[in-house]
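Residue numbers (the working numbering): 1 to 141.
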């Protein structure tokens, strides 16, 4: 399940894409437009910044801006950064120890396919798509 943090991170990134003008966008403006508390955004933005998705400047004239073109960000990249591993079951997580039951597990192929489909779906949607900055016929919501 995608948490509030993941959903809000996507909303922030879409807002930054929609309102980009080359300058920094104050988080108060984003918080007001998205109706998200500024305190909550202040918990999300450092991870987006550390992950190289946004650039931030503090003080007068400061705020945040995208580091790349909106078409260069995928939903998978954003969600993976703020949510961590999105594996549907623990045995598929990146840091999981090999499961002793994997060879006989009747459900493992189900989870592997689900994970693959989810990853492909989210990797196929860009920030431009969500922001309405590019044709969006390649995905269905």
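All C-beta atoms, glycine included, are put in the ideal place defined by N, C-alpha and C.
Since this is a predicted model, take the numbers as computed values, not measurements.
Beta-bridge partners of residue i, as assigned by DSSP
i, result
"residue 65", "55"
"residue 74", "126"
"residue 25", "64"
Element boundaries [alpha helix (DSSP H), containing residue i]
i, result
"residue 133", "Counting along the chain, residue 133 falls outside any alpha helix (DSSP H), and DSSP gives it neither H nor E."
"residue 18", "4 to 18"
"residue 49", "38 to 50"
Integer-rounded CB distance, given that residue j should sit under 8 angstroms from residue i
i, j, result
"residue 38", "residue 27", "6 angstroms"
"residue 70", "residue 17", "4 angstroms"
"residue 83", "residue 2", "6 angstroms"
"residue 96", "residue 115", "In fact, because the Cβ distance is near 12 angstroms, the residues do not count as touching under 8 angstroms."
"residue 30", "residue 12", "6 angstroms"
"residue 81", "residue 130", "At roughly 16 angstroms, the Cβ-Cβ gap does not stay under 8 angstroms, so residue 81 and residue 130 are not in contact."
"residue 8", "residue 36", "6 angstroms"
"residue 15", "residue 43", "Residue 15 to residue 43, Cβ: 16 angstroms. No contact."
Cβ-heavy atom distance, residue i to the ligand FMN, below 7 angstroms
i, result
"residue 59", "Ligands in the displayed structure: none, and consequently the ligand FMN is not present."
The stretch 68 to 86 / the stretch 114 to 132 touching (three or more Cβ pairs under 8 angstroms): yes
Contact the stretch 61 to 69 vs the stretch 44 to 53: 3+ CB pairs below 8 angstroms: yes
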